[in-house]
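In the numbering used here, the protein residues as written are 98 to 534. For each residue, glycine too, the CB sits at the ideal point set by N, CA and C.
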Ligand SMILES: Cc1cc2nc3c(=O)[nH]c(=O)nc-3n(C[C@H](O)[C@H](O)[C@H](O)COP(=O)(O)OP(=O)(O)OC[C@H]3O[C@@H](n4cnc5c(N)ncnc54)[C@H](O)[C@@H]3O)c2cc1C
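What follows is the structure, given as structure tokens:
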């Protein structure tokens, strides 16, 4: 009799789940997800890895997966322990023969996996691709030779044939017996247009492609607000409630049956950005989090607690930045344009160490994805994949271009309580606002 263990991570779904298909042949199957207590402790960058909004989205996704698995007579075991500890206990107690998971770009997740492999050299460990469009062997280069820029990467992969998404399995092996499940203390529910889980993801995909939205995506994707102005697939993609291959197959069907234009191409183009950052993270490992990035670029940014706090709270002298940050704090989401503007402000106008901004995003974003977040921050800070060495946006110009009537700023109250950037000067003397001088 063989016993298999499936470690769910950022692949909370049953459709297009190659690793789960691998488990068809075992006699008994354990499905487990680990909620790591580490996520809720402050890290060295002033933030926690998991904020309340993403936690809510995660719980909704786990509840949905739990329901789906129950239809197959399976159950999802949720362990509130570090993966290494939780999985060690399960492997030993149930004498597990095969351990399976999806490929993950995160250094931390991979460390737990490698520890387990070392600890149980006699057991079989299998990793399957589920988070990316391509598998490493589909790429026309070795991961170590990943092109330095997105454009070079895109040209090499854009026309490659995509592996077909897999359907959900028809049946699953049973669990080895009743297993105690940790009780979860659910966070206080906050209203959100994003509901976690595969069911909500598949509903969103069918709604999105039943309207004309994909055909107009390129014209509106840079808007700062509005549900319909971009696809809003990111939270489901980040947690794997939605397979990116499934998404592209729906896009292709739309192109065949409805419209095939610049806009539909551009959705694929953006998904290639996502793809690039996934392989970028896998190639560069821990360098993704390093101050001087992947190129050892020397940076002169420092840490000013007051500026950092003002940026987080949306209380800087820049109304557009404030509005974006308040939107993020209130909803867990910010447009791509907004993210670029506030990140550029953080690095170049406030002169702060980019890693603190990235860590704050990690805490606040519902769609946080380790590769997309840290890769984009490196790009803007000029320590990553940008051939131009970083992006400094002129906030005034951006305001004129993307919020000419000030509507977005008013909606998110970016223009109230504007204060000077610093309350003390370099010698620690209080700086008076002009009205009080
Ligand atoms: C500083 C910064 C941090 C970011 N952090 C994250 C993050 O943690 N998680 C995340 O998913 N995206 C991140 N992005 C990328 C992008 O802003 C979001 O993917 C996008 O805004 C999500 O909304 P959407 O699904 O409507 O995007 P759409 O415009 O509809 O794009 C479709 C999909 O393409 C992908 N995509 C689009 N732009 C990018 C990009 N620049 N990089 C990587 N993938 C992209 C996403 O999967 C997105 O869902 C970040 C961008 C910046 C500038």
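- Proximity of the beta carbon of residue 295 to ligand 1 is not indicated: no heavy atom of the ligand is located closer than 7 Å.
- Nearest to residue 163 by alpha-carbon distance, out of 498, 361, 296 and 350, is 296.
- With a 10 Å radius around the Cβ and a threshold of 16 neighbouring Cβ atoms, residue 490 comes out buried.
- Remark: the C-beta of residue 474 is in contact range of ligand 1, defined as less than 7 Å to any heavy atom.
- Listed in chain order, the alpha helix (DSSP H) runs fully inside the region 402-485 are 402-410, 416-428, 433-441, 451-461 and 467-478, counting runs of at least 4 residues.
- Annotation for residue 329 indicates a beta carbon within 7 Å of some heavy atom of ligand 1.
- The alpha carbon of residue 432 has as its nearest neighbour, out of 441, 421 and 442, the alpha carbon of 421.
- Straight-line spacing of the CA atoms in residue 183 and residue 212 works out to 12 Å.
- A straight line joining the alpha-carbon of residue 408 with that of residue 438 spans about 12 Å.
- At a cut-off of 4 residues, the continuous stretches assigned as alpha helix (DSSP H) that sit fully inside the region 228-265 are 247-254.
- In the three-state reduction of the DSSP assignment, residue 382 falls in the helix class.
- Judged by their CB atoms, residue 319 and residue 360 are not nearer to each other than the 8 Å cut-off.
- In this structure the region 206-225 does not touch the region 236-245; the number of beta carbon pairs closer than 8 Å is below three.
- By the Cβ criterion, the region 190-198 is not in contact with the region 327-346, since fewer than three pairs of Cβ atoms, one from each stretch, lie closer than 8 Å.
- Here DSSP, grouped into helix, strand and coil, assigns residue 327 to coil.
- A buried status is given to residue 451, since no fewer than 16 other beta-carbon atoms sit within 10 Å of its beta-carbon.
- No residue range can be given for residue 509, since it is assigned to no alpha helix (DSSP H) and is classified by DSSP as neither H nor E.
- If you check the CB distance, residue 110 and residue 338 come in under 8 Å.
- Residue 302: not part of any beta strand (DSSP E); member of the alpha helix (DSSP H) spanning 295-307, first to last residue.
- Looking at 495, 108 and 172, the one whose alpha-carbon comes closest to that of residue 274 is 172.
- Exclusion of the five residues before and after residue 287 leaves 149, 150 and 153 as the residues of its chain whose Cβ lies within less than 8 Å of its Cβ.
- When the beta-carbon positions are compared, residue 201 and residue 340 stay at least 8 Å from each other.
- For residue 127, the enclosing beta strand (DSSP E) starts and ends at 125-131.
- Relative to ligand 1, the beta carbon of residue 433 is positioned inside 7 Å of a heavy atom.
- Out of 473, 462, 477 and 505, the CA that lies nearest to the CA of residue 145 is found in 462.
- Contact between residue 270 and residue 123 holds: CB atoms are separated by about 5 Å, below the 8 Å threshold.
- Contact annotation: residue 128 and residue 174 have beta-carbon atoms nearer than 8 Å.
- For residue 528, there is no enclosing beta strand (DSSP E), since its DSSP letter is neither H nor E.
- When DSSP states are grouped into helix, strand and coil, residue 392 belongs to the coil group.
- For residue 465, the Cβ falls inside the 7 Å cut-off from some heavy atom of ligand 1.
- Residue 436 counts as buried, since no fewer than 16 other beta carbons sit within 10 angstroms of its beta carbon.
- Annotation note: the region 125-199 contains the following uninterrupted alpha helix (DSSP H) runs of length 4 or greater, listed N- to C-terminal: 149-167 and 180-190.
- With contacts defined by Cβ atoms closer than 8 Å, residue 348 and residue 373 do not form a contacting pair.
- Sixteen is the threshold: when 16 or more other Cβ atoms of the shown chains lie within 10 Å of the Cβ of residue 229, as they do, the residue is buried.
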